[in-house]
Amino acid sequence: MNENMSKNVNTEDRLNVMGSLNAEGRLKADEVSNAGEALSVQNNLNVKTELQVSQNLKRIRKEKGWSLDATAKATGVSKAMLGQIERGESSPTVAKLWQIATGFNVSFSSLILPSSNNELVSLFRDANILRDESLKDGFSVSVVFPFEPSVGFELYELRLAENYQHFSEPHSAGVTEHILCISGQMAVFFDDSWHELSSGQAVRFNAEQRHGYKNTGQEKAIFHNIIHYPNQWQRS
Numbered sequence: 625m626n627e628n629m630s631k632n633v634n635t636e637d638r639l640n641v642m643g644s645l646n647a648e649g650r651l652k653a654d655e656v657s658n659a660g661e662a663l664s665v666q667n668n669l670n671v672k673t674e675l676q677v678s679q680n681l682k683r684i685r686k687e688k689g690w691s692l693d694a695t696a697k698a699t700g701v702s703k704a705m706l707g708q709i710e711r712g713e714s715s716p717t718v719a720k721l722w723q724i725a726t727g728f729n730v731s732f733s734s735l736i737l738p739s740s741n742n743e744l745v746s747l748f749r750d751a752n753i754l755r756d757e758s759l760k761d762g763f764s765v766s767v768v769f770p771f772e773p774s775v776g777f778e779l780y781e782l783r784l785a786e787n788y789q790h791f792s793e794p795h796s797a798g799v800t801e802h803i804l805c806i807s808g809q810m811a812v813f814f815d816d817s818w819h820e821l822s823s824g825q826a827v828r829f830n831a832e833q834r835h836g837y838k839n840t841g842q843e844k845a846i847f848h849n850i851i852h853y854p855n856q857w858q859r860s
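Residues in the sequence shown are numbered from 625 upward in steps of one, following this note's numbering.
Laid out in structure tokens, this is it:
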């Protein structure tokens, strides 16, 4: 498969949990609140997001009783970098966050959002507030519903600019992704080939393999991604 099929290819995209990716590729987010509260929009919250990642990484590591050395061995992320993230000195990429989550056997959103009390409650989300319409960096991710252990999944809205494609490394065993194309034309890469989707079409695939998404149309593509985790996982 030729990975240079689009104008914009980036396997190290950084996540803005509320919308856009910034020009430097670092975490840049609006305020993230507890699961039962509204997600609000502010300007100077880059530090807040990095602090949340830092706190969650340290909390999950201590809950497991792991040293930084043990965590580095399990995640494949260096002890030095893990220490920098915990101290808020380093802003990890999406790829690094997935690598850490996979090593911990926890959900992706558990690293970037406040910990939940695991109680399933009724929630209302407005993707119109969460998303960034500009797509200035070609790719945006919004956390619509963060992970809850009682349901076993998290829901994202992703937006791809024209000619943009994004790849993800394999997730852990048992993780599945469910893609629903909302608007535009797109393709999903799994099982070593691209699979075309248009508005209203959906696909489910095993995410423990390299996979990707690309915009194949003449306008932005919008899709929802439900990531489901196996029951035996600890997903703090």
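For each residue, glycine too, the CB sits at the ideal point set by N, CA and C.
Predicted model only: the values in this text are computed from it and were never measured.
Secondary structure of W722 (DSSP, three-state): helix. Separation of the CB atoms of K682 and E713 is rounded to 13 Å, and the pair is thereby denied contact status at 8 Å. Per DSSP, the continuous beta strand (DSSP E) segment holding K838 begins and ends at H835 to N839. In this structure, S796 keeps its C-beta atom at 7 Å or more from the C-beta atom of T717.
An exposed status is given to F748, since fewer than 16 other beta-carbon atoms sit within 10 Å of its beta-carbon. For a cut-off of 8 Å, the C-beta gap from W722 to S792 is around 7 Å, short enough to register as a contact. Scanning its chain for C-beta atoms nearer than 8 Å, with the 5 sequence neighbours on each side dropped, one finds around S702 the residues A696, in chain order. Within the same chain, Cβ atoms closer than 8 Å to the Cβ of A826 are found at H802, I803, L804 and C805, the five residues on either side in sequence being excluded.
Between E772 and H848, the CB-CB gap reaches or exceeds 7 Å.
DSSP, read as helix, strand or coil, puts N729 in coil.
Residues F777, L779 and H802 of the same chain have their beta carbon placed closer than 6 Å to that of I850, with the five preceding and five following residues left out of the count. Fully contained in the stretch 786 to 855 is no alpha helix (DSSP H) run of length 4 or more. Note on G808: 16 or more other CB atoms within 10 angstroms of its CB, so buried under the neighbour-count rule. By the Cβ neighbour-count rule, V677 is buried, with 16 or more other Cβ atoms within 10 Å of its own.
Nearest neighbour of I846 by Cα position, chosen from A831, V730, S817 and V812, turns out to be V812. Ranked by Cα distance from V799, the first of V768, G700 and H852 is H852. When C-alpha distances from I724 are compared across G700, G707 and Q708, the shortest belongs to G700. Sixteen is the threshold: when 16 or more other Cβ atoms of the shown chains lie within 10 Å of the Cβ of N680, as they do, the residue is buried.
In the assembly as shown, K720 is a buried residue. Its beta-carbon has 16 or more other beta-carbons within 10 Å. Its chain contains S714 as the residues whose beta carbon lies nearer than 8 Å to that of Q708, once the 5 sequence neighbours on both sides are disregarded; these appear in chain order. E713: not part of any beta strand (DSSP E); DSSP gives it neither H nor E.
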